[in-house]
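In terms of my numbering, the numbers along the sequence shown are unbroken and rise by one, the last being 657.
Scroll down for the structure; my scribbles are underneath it.
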Amino acid sequence: MAMGLSTAKPYRRRLFLLLRCTRTVEPSPKCPHHRPLSCSSPAAAAEPTHLRRIFRPGDPNRFAPGIPDAFLGVRRFSTSVDPISGGDKNLERIFIQNMAVKPIVVDGVDAVPIEDERKEEVDTVVASAEEGKEELCGGKVEDLDQLEGGLEVRQEKEQSEVEKEAWRLLGKAVVSYCERPIGTVAANDVTAANQALNYDQVFIRDFVPSALAFLLKGESEIVRNFLLHTLQLQSWEKTVDCYSPGQGLMPASFKVRTVTLDGSNEAFEEVLDPDFGESAIGRVAPVDSGLWWIILLRAYGKITGDYALQERVDVQTGIRLILNLCLSDGFDMFPSLLVTDGSCMIDRRMGIHGHPLEIQALFYSALRCSREMITINDGSKNLVRAINNRLSALSFHIREYYWVDMKKINEIYRYKTEEYSHDAINKFNIYPEQIPSWLVEWMPDKGGYFIGNLQPAHMDFRFFSLGNFWAIVSSLATPRQADGILNLIEDKWDDIVGRMPLKICYPSLEYEEWRIITGSDPKNTPWSYHNGGSWPTLLWQFTLACIKMGRPELAQRAVAVAEERLPNDKWPEYYDTRSGRFIGKQSRLYQTWTIAGFLTAKMLLENPAAAAVLTCDEDLELLQGCACCLSKNARIKCSRLAAKSQVVV
Ligand code: GLC
Numbered sequence: 009m010a011m012g013l014s015t016a017k018p019y020r021r022r023l024f025l026l027l028r029c030t031r032t033v034e035p036s037p038k039c040p041h042h043r044p045l046s047c048s049s050p051a052a053a054a055e056p057t058h059l060r061r062i063f064r065p066g067d068p069n070r071f072a073p074g075i076p077d078a079f080l081g082v083r084r085f086s087t088s089v090d091p092i093s094g095g096d097k098n099l100e101r102i103f104i105q106n107m108a109v110k111p112i113v114v115d116g117v118d119a120v121p122i123e124d125e126r127k128e129e130v131d132t133v134v135a136s137a138e139e140g141k142e143e144l145c146g147g148k149v150e151d152l153d154q155l156e157g158g159l160e161v162r163q164e165k166e167q168s169e170v171e172k173e174a175w176r177l178l179g180k181a182v183v184s185y186c187e188r189p190i191g192t193v194a195a196n197d198v199t200a201a202n203q204a205l206n207y208d209q210v211f212i213r214d215f216v217p218s219a220l221a222f223l224l225k226g227e228s229e230i231v232r233n234f235l236l237h238t239l240q241l242q243s244w245e246k247t248v249d250c251y252s253p254g255q256g257l258m259p260a261s262f263k264v265r266t267v268t269l270d271g272s273n274e275a276f277e278e279v280l281d282p283d284f285g286e287s288a289i290g291r292v293a294p295v296d297s298g299l300w301w302i303i304l305l306r307a308y309g310k311i312t313g314d315y316a317l318q319e320r321v322d323v324q325t326g327i328r329l330i331l332n333l334c335l336s337d338g339f340d341m342f343p344s345l346l347v348t349d350g351s352c353m354i355d356r357r358m359g360i361h362g363h364p365l366e367i368q369a370l371f372y373s374a375l376r377c378s379r380e381m382i383t384i385n386d387g388s389k390n391l392v393r394a395i396n397n398r399l400s401a402l403s404f405h406i407r408e409y410y411w412v413d414m415k416k417i418n419e420i421y422r423y424k425t426e427e428y429s430h431d432a433i434n435k436f437n438i439y440p441e442q443i444p445s446w447l448v449e450w451m452p453d454k455g456g457y458f459i460g461n462l463q464p465a466h467m468d469f470r471f472f473s474l475g476n477f478w479a480i481v482s483s484l485a486t487p488r489q490a491d492g493i494l495n496l497i498e499d500k501w502d503d504i505v506g507r508m509p510l511k512i513c514y515p516s517l518e519y520e521e522w523r524i525i526t527g528s529d530p531k532n533t534p535w536s537y538h539n540g541g542s543w544p545t546l547l548w549q550f551t552l553a554c555i556k557m558g559r560p561e562l563a564q565r566a567v568a569v570a571e572e573r574l575p576n577d578k579w580p581e582y583y584d585t586r587s588g589r590f591i592g593k594q595s596r597l598y599q600t601w602t603i604a605g606f607l608t609a610k611m612l613l614e615n616p617a618a619a620a621v622l623t624c625d626e627d628l629e630l631l632q633g634c635a636c637c638l639s640k641n642a643r644i645k646c647s648r649l650a651a652k653s654q655v656v657v
């Protein structure tokens, strides 16, 4: 609920930075306009309602006075500074009223009266406009060679014909805003019998492999622009039925739209129109977007050496907002993140509500990345403490309760149930009958994996690729578990790689399960799309995991399988059937993250050292202590201390 500005706690002053493109520019080749295209406009009050929900960089009059927020589709932030969870009472949330731009928070400055503060905000906006223009529209990333600490990314190797085609297609997918590259479109399927739906947008998660391909090639401007513009889009508006998502949410996707300027037929401007899930099929908030953004931000710094970007106050604020959202208290009992179904790459109903592995692995990775990037000062030390506590609890939880191998399945098979006690073995009251019949045969003697989800009395035993890959990449898995996952993939090659890498999950839901769990979703029929379909974009993530574990030859084998087919099949989004033999029923062609994922996988294999920009090493300190006080309480035992299987090898 919006609170009056006067309720703001008087210990910090907010300043605002405006990044805007104020130039009037000649029409770009992409814009079919004959008149000049302006990159920003000051007035929003007069525009049609449907446009008011659109983000306009640098638009200080974005909100029409007197019109309720709900009708404007506008998020007015409370100014309260609430304590945050986890015993971390000083960790502040930052709320802003009447401003849709990112706040710059200046630590240690005394509060000024509200009126002065507002005036100062406006002054700052005006003063920053020029700087913002430079930063975002005219700013040039330094040449990689000049940057200290940046990765040497020059590729010497002659490109194959397939790679050349992939680069050409990736170039065609680039989306510009104010004549600057800002992202890549999800699919460029001109032949589409399917509707474009939202495949003509820039998806946050889809852009990650594109970003990496560009960075590894030494092109960083597009990534920098993407990071800064998506930061500005970070949740500020009302969404479904007048209800707002938490502040800090990153959109699933955005579109660059060209609109007439103030009703004039003479001038046009480009605006960024984000989708936080309010238009997306299923209306699901994309929990993974912010996590990917953090992961990419770290990789950008490591590759370019341009650490100044992550040190910027607005970028630091963006990181904090995402973390605050993830670390805030709820009704949850577990250190894992509680989300709704379809809140990640699998963005439709697939029975992955609760604590799906994909989100946990990305969450862990984002926490590790943030910890490296957060500027340490008095204002951030509590946040860092909260991150460390969460990392430690989360890694224990996943390593201990999500891991299955022959030994563990056998334990579950013999579980006692209904244990009412503090030191129950079967903590989640799993009934052994839940062990699916396919798993009994499928589980190899050597190897194992993290299950897809864990809820009270419920283990989802499906194997989900992305979560398992990121558990390896981020060191959420112990080295032994990480090796075990790759052993399993090698052993079950035909099921997970087959004729097209890689299965999004294994096995598919069939018959009654499909009907009940997917809600009879015709797109997610058995062995199709999210329900056991094969997604070539997963290749780069598999490659990362293989390189981290010193087994690049596995990734090479998978890349070779894909390289054979992808260009002939026109780079589809996904494949169907148990072995990935057919192009997906409703698959888009020229899907950008298929193309970029292939290129990134190739480049990583040629330059395995580059994998380090995305991976994290085991942090032994995290495992030593336990943040909880249970060990001191003789009556209640701490799981961590009780657990014998918490071995790090
Ligand atoms: C589909 C996928 C999602 C992807 C989007 C754009 O909705 O499920 O993961 O981001 O397409 O490619």
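Every residue, glycine too, gets a C-beta built ideally from N, C-alpha and C.
Check	Outcome
Could you have a look at Thr545 and say whether DSSP puts it in helix, strand or coil?	helix
Could you name each continuous beta strand (DSSP E) segment of 3 residues or more that falls completely within the stretch 174-240, going from the start of the chain to the end?	182-185 and 188-192
What are the complete alpha helix (DSSP H) segments, minimum 4 residues, inside the stretch 458-504?	473-481, 487-499 and 501-504
According to the neighbour-count rule (16 or more other Cβ atoms, all chains shown, within 10 Å of its Cβ), is Gln368 buried or exposed?	buried
Ordered along the chain, which non-local residues of its own chain (more than five positions away) have a Cβ less than 7 Å from that of Asp214?	Ala194, Thr600 and Trp601
Assign Trp1 to one of two classes, buried (16 or more other C-beta atoms within 10 Å of its C-beta) or exposed (fewer than that).	A question about residue 1 goes unanswered here, because the residues of the chain that appear run from 9 up to 657.
Output the distance between the C-alpha atoms of Leu375 and Arg589, rounded to the nearest integer angstrom.	38 Å
Considering only heavy atoms of ligand 1, does any lie closer than 7 Å to the CB of Tyr583?	no
Starting from Val347, follow the alpha helix (DSSP H) in both directions and report where the run begins and ends.	No alpha helix (DSSP H) contains Val347, which DSSP labels as neither H nor E.
Quick check on the burial criterion: 16 or more other C-beta atoms within 10 angstroms. Buried or exposed for Val198?	exposed
Return the residue from the list Ser536, Leu236, Ala174 and Pro534 that minimises the CA-CA distance to Leu280.	Leu236
Report the rounded CA-to-CA distance for Ser344 versus Asn397, giving the unit in angstroms.	12 Å
Any chance you could list the beta strand (DSSP E) runs of at least 3 consecutive residues sitting entirely within the stretch 243-306, in chain order?	261-268 and 276-283
Among Leu574, Ile230, Cys624 and Ala618, whose alpha-carbon lies nearest the alpha-carbon of Glu173?	Leu574
So who's on the other strand from Val412, going by DSSP bridges?	Tyr457
When every heavy atom of ligand 1 is checked, does at least one fall within less than 7 Å of the C-beta of Arg579?	Per the sequence shown, the amino acid found at residue 579 is Trp instead of Arg. Because no heavy atom of ligand 1 lies under 7 Å away, the Cβ of Trp579 does not count as near it: no.
Any idea what DSSP makes of Leu562, helix, strand or coil?	helix
Tell me, which residues are paired with Asp625 by DSSP?	The partner list for Asp625 (beta bridge, DSSP) is empty, contrary to what the question assumes.
Less than 7 Å separating the Cβ of Asp283 from some heavy atom of ligand 1?	no
Candidates Ile433, Arg488 and Tyr409: which alpha carbon is nearest Met557's?	Arg488
With DSSP as the reference, identify every bridge partner of Cys537, one or two as the case may be.	Reading the sequence as shown, one finds Tyr at residue 537 and not Cys. The partner list for Tyr537 (beta bridge, DSSP) is empty, contrary to what the question assumes.
DSSP three-state call for Lys578: helix, strand or coil?	coil
Going by the DSSP bridge assignment, what does Ile591 pair with across the sheet?	Tyr583
Within a Cβ cutoff of 7 Å, which residues of the same chain sit near Glu518, ignoring the five residues on either side of it in sequence?	Pro534
Hey, out of Glu229, Ile230 and Phe262, whose CA is closest to Gln209's CA?	Phe262
Following a CB-centred definition, is Phe262 positioned closer than 7 Å to any heavy atom of ligand 1?	no
Under a three-way DSSP split, which group does Val338 fall into?	According to the sequence provided, residue 338 is Gly. The question's Val does not apply to it. It is coil, neither helix nor strand.
Going along the chain, which residues of its own chain have a beta-carbon closer than 8 Å to the beta-carbon of Ile525, five neighbours each way excluded?	Arg357, Met358, Gly359 and Leu517
Taking the alpha carbon of Gly226 as the point to measure from, which residue in Asp453, Val264, Tyr308 and Ser297 has its own alpha carbon closest?	Tyr308
Let me know the secondary structure DSSP gives Asn106 once reduced to three states.	Low per-residue confidence applies at Asn106: pLDDT is 29, beneath 50, and the placement is therefore not dependable, though the value from the model is reported in the following sentence. Coil.
Can you find at least 3 beta carbon pairs, one from the stretch 554-571 and one from the stretch 176-185, that sit closer than 8 Å?	no
For Asn434, which residues from the same chain have a beta carbon less than 7 Å from its beta carbon, with the 5 sequence-adjacent residues on both sides left out?	Tyr423, Lys424, Thr425 and Glu427
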